[in-house]
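Residue numbers (the numbering used here): 561 to 696.
Here you go:
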């Protein structure tokens with residue numbers, strides 16, 4: 561009744577899909593997209609359970625294929641291999657968008673504890689400090 565798939569999805573996906581559809585019967589606003597989109601295309605909110613490098617590479621591919629805008633929020637950002645993967649994705653997306661003569665807006669929201677946060681809970685990191693965090 562729900563979902564149009566070009567090929568049969570895995571049993572695990574079908575169990576997840578069924579769980580989402582059942583949830584929507586009780587609360588249609590529970591999905592991240594409209595119930596009609598979930599029911600007609602099989603788009604469901606995504607949860608990835610894996611190792612951090614696998615998750616970061618999944619994000620890499622999602623970011624590189626973005627068309628218009630990215631909203632990336634993280635609890636904590638430190639110069640690390642995970643941050644390097646995301647930074648590379650931002651650079652590769654920028655290069656790709658440049659070749660295609662288009663722009664993609666990237667909004668990175670992160671927690672970066674500093675003394676100034678005691679007075680101002682929101683702050684903008686100036687571009688000259690991005691390299692400290694490994695942000696391209």
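A virtual CB, placed ideally from N, CA and C, is assigned to each residue, including glycine.
Exposure of residue 580, with buried meaning 16 or more beta-carbon neighbours within 10 Å: Within the chain shown, residue 580 is the residue found at index 20, counting from 1. Looking at its Cβ environment, which holds 16 or more other Cβ atoms inside 10 Å, residue 580 is buried.
- prompt: Between residue 696 and the rest of its own chain, which residues show a CB-CB distance below 6 Å, the 5 nearest in sequence each way excluded?
  reply: Within the chain shown, the letter at position 136 stands for residue 696. Contacts found: 647, 650 and 651.
- prompt: What are the start and end residues of each continuous beta strand (DSSP E) run of 3 or more residues lying completely inside the stretch 617 to 658, in chain order?
  reply: 629 to 634
field: Buried/exposed call for residue 572, threshold 16 Cβ in 10 Å
entry: By 1-based counting over the chain shown, the position of residue 572 is 12. Answer is exposed; the Cβ neighbour count stays below 16.
- prompt: In the DSSP assignment, what are the bridge partners of residue 665?
  reply: What you label residue 665 is simply residue 105 of the chain shown in a count that begins at 1. Paired residues: 629.
message: Taking the beta carbon of residue 698 as the centre, do at least 16 other beta carbons fall within 10 Å, making it buried, or is it exposed?
response: It is not possible to answer for residue 698, since the shown part of the chain is limited to 561 through 696.
query: Should residue 681 be labelled buried (16 or more other beta-carbon atoms within 10 Å of its own) or exposed?
result: For the purposes of this step, residue 681 is taken as residue 121 along the chain shown, with counting starting at 1. Answer is exposed; the Cβ neighbour count stays below 16.
message: Given this structure, state the Cα-to-Cα distance separating residue 621 from residue 576, to the nearest angstrom.
response: On the chain shown, residue 621 is found 61 positions in, with the first residue counted as 1. On the chain shown, residue 576 is found 16 positions in, with the first residue counted as 1. Roughly 22 Å separates the two Cα atoms.
message: Rounding to the nearest angstrom, what Cα-Cα distance links residue 684 and residue 642 in this structure?
response: Position 124 of the chain shown, counted from the start, is the residue given in the question as residue 684. Position 82 of the chain shown, counted from the start, is the residue given in the question as residue 642. Computed Cα separation, rounded: 22 Å.
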